[in-house]
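There are 2 protein chains.
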Amino acid sequence: MAGRPREHDEQTARALLDEAERLVEAEGAAALTVRRVADGVGVSTRAVYSVYGSKDGLLVALGVRGFDMLGRRVAARPRTDDPAADLVEAGVMVFRRFAVEHPALFQIAIQWAMPDPTLARQFRDVGWEAWAELVALVERVDLGGRDVQEVAREFHALCEGMAAIELRGMLAAGEEERIWRDALGALVAGLRR
Amino acid sequence: MAGRPREHDEQTARALLDEAERLVEAEGAAALTVRRVADGVGVSTRAVYSVYGSKDGLLVALGVRGFDMLGRRVAARPRTDDPAADLVEAGVMVFRRFAVEHPALFQIAIQWAMPDPTLARQFRDVGWEAWAELVALVERVDLGGRDVQEVAREFHALCEGMAAIELRGMLAAGEEERIWRDALGALVAGLRR
DNA sequence: CCACATTCCGAAACAGCGTTGCGATATGCT
DNA sequence: AGCATATCGCAACGCTGTTTCGGAATGTGG
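Chains W and B supply the protein sequences, listed in that same order.
Under the numbering used here, the first sequence has 149 at position 156, and the numbering climbs by one with no breaks.
Under the numbering used here, the second sequence has 130 at position 137, and the numbering climbs by one with no breaks.
Listed below in structure tokens is the structure:
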């Protein structure tokens, strides 16, 4: 008595998630509807509910994907003998790149840009792993007795704000990386004195 | 040939906007529906369309209200003989207070947290006025030849990021103001050297 | 080899959303 | 007084997320 085997495997799950991210990226959060995601992959709307339970489940999965990506990239950063520069470079080359290349994931995972922000609780664990990677980078910088968690928050705040502003098209075209380095460098320098 | 006089005057308009802000504040952006706003004020849904044209029009009006509030408060800040401190205090006492007291307006006006972010174009003018007030504060600080607009952007980015983080409950309770001052102070100090 | 029990999928239905067309209503001018 | 006119409230439309339900597909017991 085995019953009918499920047709929607892990491959369909990834295809659905890809389509969801693509939709938000291309047409904004309002374009993310269960019907369009299903149609884009070529399955019925029921498949989305079989795999992710609900539209909210889809959003949570996007958040997990975002934090997973972010955490891996921070961890993969090279460590030089200049911890302060390492931190700034991580901000520019990881956080900025992530936000620019995957704005939909940035908005969902980092900014909690969803109809129901309490859903963020469901990817808190994955987020914490990425957070720990950032803290590890901050820990290497001498900050004159400042609380590491607190500094990490402040650094993250500047990164998040810069990313938000850049995604809104408010940074001079072509100058984005320089301005990021200027801002992040100034914050770290100001914290060290 | 005068026709029937309109029943929904400026007073109803303000009542609708108040109710809209209250709804978003209390239950999140998803709770903002034309029907609920109308019911809350005691008029029909048609009134919302008579006054604001659409739900999007309501969102734009909330954005205008936010920027108007922000601009006035920045302009009203006292100028002391320490321009750098004035800037930091403006960030803490204006931007932070605004975000904490009116999170819905912050999310709409500043973060463009709407289904269709292109609506932000419609309150760009009011936003520019508030922006000019911030630039005026930055201009007084000696920044060693840095571009004023650019520094204003960086300062705004940190404020926006800190506000976003605080609204998500990620700052130690009771320590918020001190952390804001620490972060903003560090950025300004780092920019001045 | 067949029929059954079991499981899942897809189409259709439901409530709620933003929005709009239409009949009824309430006013000011002639 | 009666007509012209502009507004309002109700009901409908197409869309949304979600659920229900009948049919289809499979591994197993006879």
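We treat Cβ as the ideally placed atom computed from N, Cα and C, and that holds for glycine.
Should residue i go down as buried or exposed, given a rule of 16 or more other Cβ atoms within 10 Å for buried?
| i | result |
| --- | --- |
| residue 20 (chain B) | exposed |
| residue 183 (chain W) | buried |
| residue 2 (chain W) | exposed |
| residue 126 (chain B) | buried |
| residue 171 (chain B) | exposed |
| residue 156 (chain B) | buried |
| residue 175 (chain W) | buried |
| residue 146 (chain B) | buried |
| residue 14 (chain B) | buried |
| residue 150 (chain W) | buried |
| residue 159 (chain W) | buried |
Would you report the Cα separation of residue i and residue j, rounded to the nearest angstrom?
| i | j | result |
| --- | --- | --- |
| residue 52 (chain W) | residue 113 (chain W) | 9 Å |
| residue 84 (chain W) | residue 106 (chain B) | 24 Å |
| residue 99 (chain W) | residue -2 (chain B) | 49 Å |
| residue 44 (chain W) | residue 50 (chain W) | 9 Å |
| residue 163 (chain B) | residue 11 (chain W) | 30 Å |
| residue 23 (chain W) | residue 108 (chain B) | 5 Å |
| residue 25 (chain W) | residue 185 (chain W) | 44 Å |
| residue 104 (chain B) | residue 119 (chain W) | 24 Å |
| residue 17 (chain W) | residue 152 (chain W) | 22 Å |
| residue 169 (chain W) | residue 128 (chain B) | 19 Å |
| residue 144 (chain W) | residue 55 (chain W) | 27 Å |
| residue 4 (chain B) | residue 69 (chain B) | 27 Å |
| residue 75 (chain B) | residue 142 (chain B) | 20 Å |
| residue 124 (chain W) | residue 117 (chain B) | 34 Å |
| residue 167 (chain W) | residue 29 (chain B) | 45 Å |
| residue 8 (chain W) | residue 95 (chain B) | 39 Å |
| residue 136 (chain B) | residue 48 (chain B) | 43 Å |
| residue 62 (chain W) | residue 110 (chain B) | 25 Å |
| residue 140 (chain W) | residue 139 (chain B) | 30 Å |
| residue 148 (chain B) | residue 161 (chain B) | 20 Å |
| residue 31 (chain B) | residue 181 (chain B) | 46 Å |
| residue 131 (chain B) | residue 38 (chain W) | 52 Å |
Please list the partners that residue i has in chain B, where partner means a Cβ-to-Cβ separation under 9 Å.
| i | result |
| --- | --- |
| residue 121 (chain W) | Ordered by position in chain B, no residue passes the 9 Å Cβ test against residue 121 (chain W), which lies about 12 Å from the chain. |
| residue 186 (chain W) | 179, 182, 183, 186 |
Using a C-beta cutoff of 7 Å, does residue i count as contacting chain B?
| i | result |
| --- | --- |
| residue 96 (chain W) | no |
| residue 151 (chain W) | yes |
| residue 127 (chain W) | no |
| residue 52 (chain W) | no |
| residue 182 (chain W) | yes |
| residue 77 (chain W) | no |
| residue 167 (chain W) | no |
| residue 59 (chain W) | no |
Using a Cβ cut-off of 7 Å, pull out every chain W residue sitting near residue i, in sequence order please.
| i | result |
| --- | --- |
| residue 115 (chain B) | Those within 7 Å of residue 115 (chain B) in chain W number zero; the least Cβ separation is about 14 Å. |
| residue 161 (chain B) | 105 |
Please report whether the beta-carbon of residue i lies at a distance below 7 Å from any beta-carbon of chain W.
| i | result |
| --- | --- |
| residue 86 (chain B) | no |
| residue 101 (chain B) | no |
| residue -4 (chain B) | no |
| residue 64 (chain B) | no |
| residue 147 (chain B) | yes |
| residue 13 (chain B) | no |
List the whole-angstrom C-beta distance separating residue i from residue j, where the pair is believed to meet the contact cut-off of C-beta under 8 Å.
| i | j | result |
| --- | --- | --- |
| residue 34 (chain W) | residue 177 (chain W) | No, residue 34 (chain W) and residue 177 (chain W) are not in contact; Cβ-Cβ is about 39 Å, not under 8 Å. |
| residue 60 (chain W) | residue 102 (chain W) | 5 Å |
| residue 87 (chain W) | residue 67 (chain W) | 5 Å |
| residue 72 (chain W) | residue 79 (chain W) | 6 Å |
| residue 41 (chain W) | residue 57 (chain W) | Not quite, the Cβ-Cβ distance comes to about 16 Å (not below 8 Å), so this is no contact. |
| residue -4 (chain W) | residue 154 (chain B) | Wrong, their Cβ atoms sit about 51 Å apart, outside the cutoff. |
| residue 179 (chain W) | residue 134 (chain W) | Actually they do not touch by this definition, with Cβ atoms about 14 Å apart. |
| residue 122 (chain W) | residue 64 (chain W) | 5 Å |
List the residues of chain B whose Cβ lies closer than 7 Å to the Cβ of residue i, in chain order.
| i | result |
| --- | --- |
| residue 109 (chain W) | 21, 23 |
Below 9 Å on C-beta distance, what does residue i contact in chain W?
| i | result |
| --- | --- |
| residue 4 (chain B) | Those within 9 Å of residue 4 (chain B) in chain W number zero; the least Cβ separation is about 31 Å. |
| residue 175 (chain B) | 139, 143, 144, 147, 184 |
Cβ closer than 8 Å: which chain B residues qualify as neighbours of residue i?
| i | result |
| --- | --- |
| residue 157 (chain W) | 104, 150, 153, 154, 157 |
Please compile the residues from chain W whose C-beta is within a distance smaller than 8 Å of the C-beta of residue i.
| i | result |
| --- | --- |
| residue 164 (chain B) | 146 |
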